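Numbering (my numbering), first residue to last: 917 to 1217.
And the structure:
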């Protein structure tokens, strides 16, 4: 029996001490946002911010600048026109999208820094995060829900807690989560029984610890329980289910949106016939998402 079972039940703000200690000890200085990324996010919130000042700041972090341009030039953002520099990225995409690209880059850097016992675990969770994010992007477009990159970032971070548990819980993680992407209602309960917390709560704790927007921590916390969730979280929940389907190596035409809880919630929130509309476009969306995933992984390395 794992020693992790000795921990008392955690709260969102107080996850099991053993998990936190192991996470921080093995990954010294662990943070979601590098210093330049944090400054760039603050600058992008300033209505008087200039494109040139923003670009000069981001260029101080070579990895951040490289990632931002790489993502900006994917089919998801470029619309077929190459973006040659950060000034162009800010002008064409706007600061709102650029903020979300910065968060995407920061998430990518975090994944590369974390120390996993098994490399394949990192790879499969990273692919799942991107696949869910891409589906969020497509659902936002299909339903015209009005997000401008926030949906991609929320999708990318929705299973952050899963990644952090894989690092901090060691072999116990694979007992709690077999990574089959068959995510029934018992997944979170099994995690809590074995690890003392679940990936939704652990991920939301880290998002809040990193001083990221409350909407992100909410989508991380509630993506498995979206009966009363926000529209952003509902999109994440819907996209997560679609990504799970593909990661079980099932074909797009085998997918049915009928029981998708995220889509049911979107219908309650005013998106008419969400399930029916997705079923009409599911094959195209899922095939495009698979292609876009390959491009993103290639560009980010």
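A virtual CB, placed ideally from N, CA and C, is assigned to each residue, including glycine.
Keep in mind the model is a prediction, meaning the values are calculated, not measured.
Item	Value
Rounded separation between residue 954 and residue 965 - CA only	15 Å
Assumed close pair residue 1068, residue 1044 - CB separation to whole angstroms, cut-off 8 Å	Actually they do not touch by this definition, with Cβ atoms about 14 Å apart.
Any 3 or more C-beta pairs closer than 8 Å across the segment 1188-1205 and the segment 1109-1117	no
Exposure label - residue 1105; buried when at least 16 CB within 10 Å	exposed
Cβ pair residue 1091, residue 1030 closer than 7 Å	no
Residue 1102, DSSP secondary structure in three states	coil
Where residue 1121 falls, given that 16 or more other Cβ within 10 Å makes a residue buried	buried
Residues near residue 1211 by beta carbon distance below 6 Å, same chain, minus five either side	990
Residue closest to residue 1219, alpha-carbon to alpha-carbon, out of 1046, 956, 1165, 1077	Only positions 917 to 1217 of the chain appear in this structure, which leaves residue 1219 out of reach.
Entirely enclosed alpha helix (DSSP H) segments - the segment 922-1004, minimum 4 residues	933-942, 951-960, 967-974, 978-988
Contacting residues, own chain, Cβ-Cβ under 7 Å from residue 1203 (five flanking each side not counted)	1168
Straight-line Cα distance separating residue 1157 from residue 1175	10 Å
Supposed close pair residue 1050, residue 1021 - CB separation, criterion 8 Å	In fact, because the Cβ distance is near 16 Å, the residues do not count as touching under 8 Å.
Residue from 1136, 1140, 984, 1129 with nearest C-alpha to residue 1100	1140
Enclosing alpha helix (DSSP H) for residue 1203 [first to last residue]	1190-1216
Cα-Cα separation, residue 967 to residue 1177	40 Å
Alpha carbon of residue 1042 to alpha carbon of residue 1123, nearest angstrom	17 Å
Residue from 1196, 1195, 963, 1147 whose Cα sits closest to the Cα of residue 1183	1147
Helix, strand or coil at residue 1153 [DSSP, three-state]	helix
Closest residue to residue 1160 among 1195, 1040, 1127 (Cα-Cα distance)	1040
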